[in-house]
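Notes follow once the structure below has been shown.
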Amino acid sequence: MANDPRDAAHPIPQFPAGFLWGVSTSAHQIEGAVDRREPSVWDTFTAEPGRVKDGSTAAVACDHYHRYREDVALLSGLGVDAYRFSVSWPRVNSPGGLDFYDRLVDELLTAGVRPVPTLFHWDLPADLDWLERDTASRFAEYVSVVVDRLGDRVQKWITLNEPAEHTLLGHALGTHAPGRQLLFDALPVAHHQLLAHGLAVRALRAAGATDIGVANSHGPTWPASREPADVEAAAFYDVLLNRLFAEPLLLGEYPEGLGELMPGDVAADLKVIGEPLDWYGVNYYAPTRVGAPQGTEIEFGGIRMPADLPFSVQDIEGVPVTDFGWPVVPEGLTELLTTFKERYGDRLPPVVITENGCSYEGVDDQARIAYLDGHIRALHRALEAGVDVRGYFVWSLLDNFEWAEGYARRFGLVHVDYATQTRTPKASYRWLRDVLRAQR
């Protein structure tokens, strides 16, 4: 069991004044009310038999669209400073769709919780395609509409969530929407999302926004051994999942050899992609152990890996795993952040952990408490090592629709009975509430 934050002998270390504590969700995973918005690529994907493991859809999910006041009350009771949610592009495209986010933002502000919208969290309108360059321009137009409506009350903005996973899982491997299996021909999807990010930053700046970040997923890449083939494969994986999505934003350039694979006038696009950020968001879950290709198809963490990839993802032995089978390695968060500080120096803006969490069953979720305890302490060690970290958001407030896993995985601090929509705060909710009270 994790140390109790009320135990004076083992308190969670104090974070700096002004440190931002929050929780995160995404629109498609919790909102429901599918009849009040246009379809997204995820609606198309989940309608195809076999795409989601339990055959479910997010048509109702947590019914947050109708129950947002109850969920904001849970946020208030938890004592967080901020709530990271996402705005559904298909909902904004529908008549009256922005009215919901008007109501949500007002409810949050009344409760004393800062709204932190993410403008794209994978639910692309079904008639758009990230393989097409024009989608980046369409995204900027949508962002302008949202900031024009909410910008008088919202200060902190996130452009994209995890473009790496959306590229890899949705377009390279086909395990997420839109279900394409393009392998390395999916690289234009990465470029167009990064371009969309840069255009969105410009649109937000034009509307007066001064607190803009992104939510990129990152984790240390560990070679399976010291053998040259394993080291080379791990370095390639690190480029593909970490550097490809960090360096255009932070350095204004692609890692060596990748720029020439991208479409369009890449040099001109990089000037847009590299628009300065006010902070850099990191979603951290675990390191990845990578070795040379093994020539066989494997499944890892619920993801099917084809045999012809130039690397293999392998189990990290000797560490606990979540109910999802993901390794629990808090020290990987410290390693990641100190590595980024060393790698990017003063080009790395202040960092916010925009997601960190785990899937466990049960309401008395002591394993989740242990997970969060370990990662919060690991984050503090990164602060002590000189990394400028400004905030930490737990994934997630609610159990929800977990993409291709359907409702089989529970990441929430609050249990949701999907049949009745009853919310029940878990032991981890109460534990985090006490942690936050001790930080005040």
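The C-terminal residue of the sequence shown carries number 679 in my numbering, and the numbering is unbroken. Note that the Cβ used here is the ideal one computed from N, Cα and C, for glycine as well.
Pairing residue 519 with residue 458 gives a Cβ-Cβ distance that is not under 8 angstroms.
The beta-carbon separation of residue 630 and residue 259, rounded to 3 angstroms, stays under the 8 angstroms limit for a contact.
By the Cβ rule, the stretch 416-433 counts as touching the stretch 497-510, because three or more pairs are nearer than 8 angstroms. Within the model, the alpha-carbon separation for residue 655 versus residue 663 is close to 7 angstroms. Cβ contact annotation for residue 343 (same chain, cutoff 8 angstroms, sequence separation greater than five): 307, 311, 324, 354, in chain order.
Distance from residue 645 to residue 293 at the Cβ level is roughly 4 angstroms; contact confirmed, criterion being Cβ atoms closer than 8 angstroms.
Under the DSSP definition of a beta bridge, residue 260 partners with 631. For residue 527, the enclosing beta strand (DSSP E) begins and ends at 527-530. DSSP places residue 471 in the helix class (H, G or I) of the three-state scheme. Taken in chain order, the complete alpha helix (DSSP H) segments of 4 or more residues contained in the stretch 552-590 are 570-583.
In the same chain as residue 295, and ignoring 5 residues on each side of it, the C-beta atoms closer than 6 angstroms to its own belong to 645, 646, in chain order. Residue pairing by DSSP puts residue 662 in a beta bridge opposite 655. Residue ranges of uninterrupted beta strand (DSSP E) with 3 or more members, entirely inside the stretch 423-475 and ordered along the chain, are 450-456, 460-462. For the options 651, 641, 632, 676, the alpha carbon positioned closest to that of residue 285 is the one of 641. Residue 279 has 364 as its beta-bridge partners, per DSSP. Counted as a single uninterrupted DSSP element, the beta strand (DSSP E) harbouring residue 321 occupies residues 321-325. The C-alpha of residue 489 lies about 45 angstroms from the C-alpha of residue 659. Distances from the alpha-carbon of residue 679 to those of 320, 271, 273 put 320 closest. Where residue 613 is concerned, there is no enclosing beta strand (DSSP E), although the alpha helix (DSSP H) around it starts and stops at 605-623. Here residue 251 carries a coil assignment [DSSP, helix/strand/coil].
Residue 487 sits close to residue 509, with the two beta carbons spaced by under 8 angstroms.
For residue 519, the enclosing beta strand (DSSP E) begins and ends at 519-522.
In this model, residue 317 and residue 652 are separated by some 10 angstroms (Cα to Cα). Taking C-beta atoms as the reference points, residue 472 and residue 534 fail to come closer than 8 angstroms. Its Cα nearest to that of residue 628, the residue 577 stands out among 577, 272, 611.
Under DSSP, no beta-bridge partner is assigned to residue 285. Taking the Cα positions, residue 423 is about 21 angstroms away from residue 436. The alpha-carbon separation between residue 379 and residue 328 amounts to approximately 11 angstroms. The count of Cβ pairs closer than 8 angstroms, one atom from the stretch 465-482 and one from the stretch 392-401, stays below three, leaving the stretches out of contact.
Going by DSSP, residue 358 is part of the beta strand (DSSP E) stretching over 353-359. Residue 449 is positioned such that its CB atom lies no closer than 8 angstroms to that of residue 543. Annotated as proximal: residue 455 and residue 401, with beta-carbon spacing under 8 angstroms. Contact annotation: the stretch 607-627 touches the stretch 591-598, with at least three C-beta pairs closer than 8 angstroms. Annotation: the stretch 378-412 contains the following complete segments of the alpha helix (DSSP H) (minimum length 4 residues), in chain order: 402-406.
For the 8 angstroms CB-CB criterion, residue 250 and residue 677 form a contact.
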